[in-house]
């Protein structure tokens, strides 16, 4: 774990965070938006175009550094609330095999969340790298999209066994998933606005 703070892992994290800063984000968007497959929602939201371009970029990073995500299963995640929350949110977003049973607030708040790492495997990577949030969210009913958002807003961890010196520690794999979650939630919000007629179409 020391390497996460000072070694090559830290360098990868810093580089990714620099890339995602606003002044660099525009370059990413310009590079990837021309590679997007046309979708009728793009007519209604230019933000959605930008989010999907950013999503393609992070998905490419995940494909390249998938071994870093697999390595998460070696971390004692039960001592770090941030790591657990990131994994849970990611599983909910992509509807991974773990979350196939109907999740509810009660289930989320009482689950032994350190078991999440058991589901970080090649199937998880395959789901991450083939997931298309625009198409997935388009197919879902408004009620289902709100259900996803509600699950993402639940704070599942009540136990107090987190070590303070562990909370600031992260890994490159977790940082990739955090950005994946953030950009996908932006896409979810934008699709919801379109479905609910809350956007003024682009002119």
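Numbering (the working numbering), first residue to last: 101 to 303. We put the beta carbon where it would ideally sit given N, CA and C, even for glycine.
So, helix, strand or coil for residue 272, using DSSP?
Helix at residue 272.
My output table needs one value for residue 291: the three-state DSSP class, helix, strand or coil.
helix
Excluding the 5 residues preceding and the 5 following residue 291 in the sequence, name in chain order all residues of the same chain whose CB lies nearer than 6 Å to its CB.
237
Measuring CB to CB, does residue 274 end up less than 7 Å from residue 186?
For residue 274 and residue 186, yes; Cβs fall inside 7 Å.
List in chain order: all unbroken alpha helix (DSSP H) runs of 4+ residues lying wholly within the segment 126–165.
146–164
Starting from residue 223, trace the alpha helix (DSSP H) both ways and give me its first and last residue.
222–230
Give the straight-line distance between the Cα atoms of residue 218 and residue 227, rounded to the nearest whole angstrom.
Computed Cα separation, rounded: 15 Å.
With a 10 Å radius around its C-beta and 16 neighbouring C-beta atoms as the bar for buried, classify residue 253 as buried or exposed.
exposed
In the DSSP assignment, find the unbroken alpha helix (DSSP H) run with residue 115 in it and report its ends.
108–119
I need the boundaries of the alpha helix (DSSP H) containing residue 187, first residue and last residue.
181–194
Can the beta-carbon of residue 113 be found less than 7 Å from the beta-carbon of residue 280?
no
Our contact map puts residue 136 next to residue 149 with C-beta atoms below 8 Å; I'd like the distance itself, whole angstroms only.
7 Å
Taking DSSP as the reference, what is the three-state secondary structure of residue 173?
helix
Find the nearest neighbour of residue 169 within the set 247, 229, 142, 234, judged by alpha-carbon distance.
229
Measuring alpha carbon to alpha carbon, tell me which of 289, 221, 251 ends up nearest residue 233.
Looking at the Cα atoms, 289 is the closest of the given residues.
Between residue 216 and residue 188, how many whole angstroms is the CB-CB distance? I'm expecting something under 8 Å.
7 Å
Just to confirm, is the Cβ distance from residue 277 to residue 161 under 7 Å?
no
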